[in-house]
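Only one structure is covered here, and it is reproduced in the block below.
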Amino acid sequence: CKSYNGFINDYTIIGPLVFANHSDLALSKEKKYDIMFIDQTENISDFEFNIKDKIITSPNKKYLDDIKTFVKKNLHISYCFQLRNKYTANELKTVNEFFKDTSIKVYQNNKFSDSYSVMQFSNLIVTNYSTMGIEGIYMGKKVLFTNHMGDQDYSIINDKNYQIESLNYEVF
């Protein structure tokens, strides 16, 4: 690794590198979903913990509960939920069980392009901290970043003009 001691005066911002080799993934397609929610869990044990634990309210549990609440109150909207990781059939059954009383279509993440493909068919992307949101902006999608972690200094984009603050779901 070489070091560089100097200043970069002129630069060009490029989009996410995944689109450099797969530019077809950046193209929007005919809308299939109004809203795409992006999974924020690290693995199925996180998802199971978030679903089954009724005592501790983790940020991921709150995110999942808010999704279900919103979907149940807005039946006229089409939804999908993109899983972050590839799950076994049994694990996928757990996820589908959680969303069984909603109209959400759950998508598995079998290969690197799956999330991008689903994003192409979605109008609005909702995520907590996922870089998929930033990639969605690059694709020309509307993106809503939530702050279910409760961070005081939460900011994906360092421009406060593009952020709104709401104390809870009902107020929003």
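Residue 18 in this note's numbering is what sits at position 14 of the sequence shown, and the numbering runs on without skipping anything. Just so you know, even glycine gets a beta-carbon here, dropped at the ideal spot from N, CA and C. Being a predicted model, the structure only gives us computed values, none of them experimental.
The way I'd put it, the region 61-73 doesn't touch the region 22-38; fewer than three beta-carbon pairs between them come closer than 8 Å. Counting only the Cα atoms, K115 lies some 21 Å from I39. Cβ-Cβ distances below 6 Å link K66 to H152 in the same chain, with the five nearest sequence neighbours on each side left out; the list follows chain order. Counting along the chain, M40 sits inside the beta strand (DSSP E) bounded by residues 37-42. When the Cα atoms are used, Q44 and L79 turn out to be separated by approximately 23 Å. With a contact defined as Cβ atoms closer than 8 Å, Y133 and C84 miss out at about 19 Å.
Here DSSP, grouped into helix, strand and coil, assigns L31 to coil.
K145 and L128 have their C-alpha atoms some 6 Å from each other. Secondary structure note for Y120: its alpha helix (DSSP H) is the uninterrupted segment 118-124. Taken in chain order, the complete alpha helix (DSSP H) segments of 4 or more residues contained in the region 63-150 are 63-77, 93-102, 118-124, 135-142. Annotation: K33 to Y142 spans about 15 Å, alpha carbon to alpha carbon.
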